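Let me begin by presenting the structure, written as structure tokens, before commenting on it.
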Amino acid sequence: MNTAIIVGGGIGGLAAALALHRTGWQVQVLERAPEFTVAGAGLSLWPNALRALDALGLAAPVRHRSVLEGQAGIRDPKGRWLSRSDTAGIERRYGPTAMIHRADLLDLLRSALPAAALRSGTTVHHAQADGTVHHSDGTGRADLLVGADGIHSTVRASLWGKGIVPRYAGYTAWRMITGPVPVRESSETWGRGERFGYAPLPDGRVYCFAVANAPRGATDPGLAGLRHRFATWHDPIPTLLTAATPETVLHHDLYELPPLPAYVKGRVALVGDAAHAMTPNLGQGACQALEDAVVLARAVRGDGALIAYDHQRRPRTQMIAARARRIGTIAQWSSPAAVALRNAALRCAPGAAFTRSLAPVLNWTG
Ligand SMILES: Cc1cc2nc3c(=O)[nH]c(=O)nc-3n(C[C@H](O)[C@H](O)[C@H](O)COP(=O)(O)OP(=O)(O)OC[C@H]3O[C@@H](n4cnc5c(N)ncnc54)[C@H](O)[C@@H]3O)c2cc1C
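Residue numbers (the numbering used here): 322 to 687.
Given below as structure tokens:
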């Protein structure tokens, strides 16, 4: 039987383990955290991700634990619509988009794997191209080694060198889950150098995020700072911030990886953020990790041709990362003149053109 060691038990690692397990591989996931649990917020799963989850046998349970997106769009801080997404058109053309709690997705991925395949509390220190890993409990070797250990990947540093350094995007983000607030639509509001977005979850709670231009490592003003910053923005933003509690707020500076020259080396493949960490402006990082998993398992099914995985995944994920970066740059503009121009352009842009422009991202079929 073919064997795989997967380093990292996030969405990318668990999905890769599941995809390989379903094709008859013996898998072992090494996760440094003491348990496979996660603090987390909401996650948008676009139609391409739901197709990948279908291939993993999880599309139905994921839909069951998600809210399928209804009305969506972009507004200005006074609440005026700048652009309304043609969600019906997107669904007709590409399929539904789901909003799920990250912990629920991880739970479904984990539950689909044999318990013996999951090894928490194990930190990988070094990886070799022949499939060997050195970790806190000893050494392991497998036919395939999957580096799914996130943006600061040890597997990548071992084999691609420490010169690949994540770049700070220039803005920082907060995520939180509020108590129940009656919200029907998903919405993102663009100000000057700052944004706020929200989407309902199935249990009535609401996933929110805020983004602001800031120097790297700037002091976090916390929930009180967010309430102050967005106090004059349209409803329900102040209400949502009142319904949030400090312990649910996650704060991270946003980084992305420069494009790698390859995602494979010897018996090693990188998936997810280890390969292509991108800014979250398209909500595609985890979606791409799910696609990676499906393509990787297909690529190694025959004669272990990892190169096919690299050829399929690198151009696509790097194109999506570049798009996400461009959207982030425009969304974070802060000069009044540039923002006025941007908002006018958004108001004029036809929804159907936006729907069509999503094709290269959403029309993935594997
Ligand atoms: C603000 C924000 C919002 C986002 N929103 C969305 C969204 O709506 N939709 C979407 O698709 N994506 C979104 N993303 C992106 C998404 O969160 C990531 O792309 C995705 O979680 C990456 O998963 P991963 O498994 O590759 O990496 P990670 O989630 O980073 O998992 C890596 C795992 O490896 C483990 N690990 C690390 N080093 C070691 C080691 N040496 N040994 C053993 N284990 C190790 C870690 O503990 C971790 O569990 C968002 C990201 C951010 C920051």
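Even glycine gets a Cβ: it sits at the ideal position worked out from N, Cα and C. No experiment lies behind these values; they were computed from the predicted model shown.
Closest by CA to residue i, which one among the options?
| i | options | result |
| --- | --- | --- |
| F675 | D407, G330, L403 | D407 |
| Q605 | G363, E356, A354 | G363 |
| H572 | R414, R537, W367 | R537 |
| T479 | L547, P567, L591 | In the sequence as presented, Thr is not what sits at residue 479; that position holds Ser. For the residues L547, P567, L591, the minimum Cα distance to S479 belongs to L591. |
| I472 | E509, P567, M599 | M599 |
| N664 | V328, D397, R384 | D397 |
| L439 | H597, V328, H456 | V328 |
| Y576 | L627, A595, Y584 | A595 |
| E515 | T493, I498, G391 | T493 |
| R513 | A652, P368, I498, D541 | A652 |
| P435 | L561, Q347, H597 | Q347 |
| A607 | H555, H632, A419 | A419 |
| V502 | K483, T510, P523 | P523 |
Could you tell me how far apart the beta carbons of residue i and residue j are, in whole angstroms, since I believe they sit closer than 8 Å?
| i | j | result |
| --- | --- | --- |
| V532 | P521 | At roughly 20 Å, the Cβ-Cβ gap does not stay under 8 Å, so V532 and P521 are not in contact. |
| T689 | R372 | The structure shown does not extend to residue 689, since the chain is modelled only from 322 to 687, so the question has no answer here. |
| V621 | L377 | That belief does not hold up - the Cβ atoms of V621 and L377 are roughly 15 Å apart, past 8 Å. |
| L603 | P487 | Actually they are not in contact, since the Cβ atoms of L603 and P487 sit about 18 Å apart, beyond 8 Å. |
| I558 | F517 | 5 Å |
| A565 | C529 | 7 Å |
| I421 | L366 | 6 Å |
Let me know the secondary structure DSSP gives residue i once reduced to three states.
| i | result |
| --- | --- |
| S387 | coil |
| R526 | coil |
| G378 | coil |
| M497 | strand |
| G471 | coil |
| F675 | helix |
| M420 | strand |
| N664 | helix |
| H447 | strand |
| T408 | helix |
| P521 | strand |
| Y492 | strand |
| Q653 | coil |
Quick check on residue i - is its C-beta less than 7 Å from some C-beta in chain D?
| i | result |
| --- | --- |
| S432 | Reference to chain D is not applicable here, since this structure consists of a single protein chain. |
Is there contact here, the segment 629–648 with the segment 446–461, by at least three beta-carbon pairs under 8 Å?
These segments do not touch.
Spell out a yes or no on whether the segment 409–419 and the segment 440–448 are touching, meaning 3 or more CB-CB pairs, one atom from each, closer than 8 Å.
Between the segment 409–419 and the segment 440–448 there are fewer than three inter-stretch CB-CB distances shorter than 8 Å, so the stretches are not counted as touching.
Count the C-beta pairs between the segment 331–351 and the segment 421–432 that are closer than 8 Å, then say yes if the count reaches three, no if not.
With a cut-off of 8 Å on Cβ pairs, the segment 331–351 is in contact with the segment 421–432, counting three or more such pairs.
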